[in-house]
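Below is one structure, written out as structure tokens; the observations come after it.
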Amino acid sequence: MRFIPVVCLTLSLIACGSPDAVQREDALEAVTHEEAAASEEARSQAECSGAEDDASAQACVKRCSGGLQAGQHCSTDSNCGKTCSGGLQAGQHCSTDSNCGKTCSGGLQAGQHCSTDSNCGKTCSGGTSAGRACNTDANCPNGLCNSHLCNSHLCNSHLCVTYC
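In structure tokens:
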């Protein structure tokens, strides 16, 4: 590597207050300090990235970003499929949100299948009956009777991503 002696010579001349141009041993042409520094930085970046000289091209591949086909080769997003985001069918194949079902968000039926909010019941929050089933606030001394929601789960598409 002839580059190292040039850099060492350049750096030693900089410290000594050398003129603006330095002679290269290999080509015998003038190089400014800025050119030498830029050349060193470019070589460092090439060495750090694993590139060798100017001939290093990377091949790009397309792979599914998630779901049941995660990491598999693909050409379009449709190759990667869809999966349920949550609920009892979480991670399973789906084609529409209705395939993923609904589950109760909280209360005594939390995580259980439901079709309407009324399937999820109500529980007391706060007071001496906290966590117990209720119908009205009167059933919850010093607390409130809260309804729980029947949440729908989404059928999410997965992307075909290009990696280089």
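Last residue of the sequence shown: 204 (our numbering), numbering continuous.
By construction, the Cβ of each residue, glycine as well, lies at the ideal position given by its N, Cα and C atoms.
What you are looking at is a predicted structure, and each value in this text was computed from that prediction instead of being measured.
Listed in chain order, the non-local C-beta contacts of C180 below 6 Å within the same chain comprise C164, G167, S169 and C174, local neighbours out to five positions each way being set aside. In this structure, L194 lies away from D117, with their beta-carbon atoms at least 8 Å apart. A110 sits in coil when the DSSP states are folded into three classes, being neither helix nor strand. Between the alpha carbons of K102 and C114 lies a distance of about 6 Å. For C154, the closest of K162, G161, K142 and G147 by C-alpha to C-alpha distance is K142. Counting only the Cα atoms, L128 lies some 16 Å from S135. Spatial neighbours of A150 in its own chain (CB-CB distance under 7 Å, excluding positions within 5 residues in sequence) are listed in chain order as C144.
Counting of Cβ neighbours within 10 angstroms places C100 among the exposed residues, the total staying below 16. In its chain, beyond the 5 residues on either side, C120, H198, L199, C200 and V201 have a beta carbon closer than 8 Å to the beta carbon of S105. Assigned with DSSP and collapsed to three states, C180 falls in coil, not helix or strand. Around the beta carbon of C190, 16 or more other beta carbons sit within 10 angstroms, so the residue counts as buried. Short of 8 Å from the beta carbon of H188, and not among the five residues preceding or following it, lie these beta carbons of its own chain, in chain order: C144, S145, G146, G147, Q149, A150, D157, C160, G161, K162 and T163. Going by DSSP, S197 is part of the beta strand (DSSP E) stretching over C195 to S197. By the Cβ-count criterion, G107 is buried, with 16 or more other Cβ atoms from all chains shown falling within 10 Å of its own Cβ.
The C-alpha of K122 is placed about 11 Å away from the C-alpha of A110.
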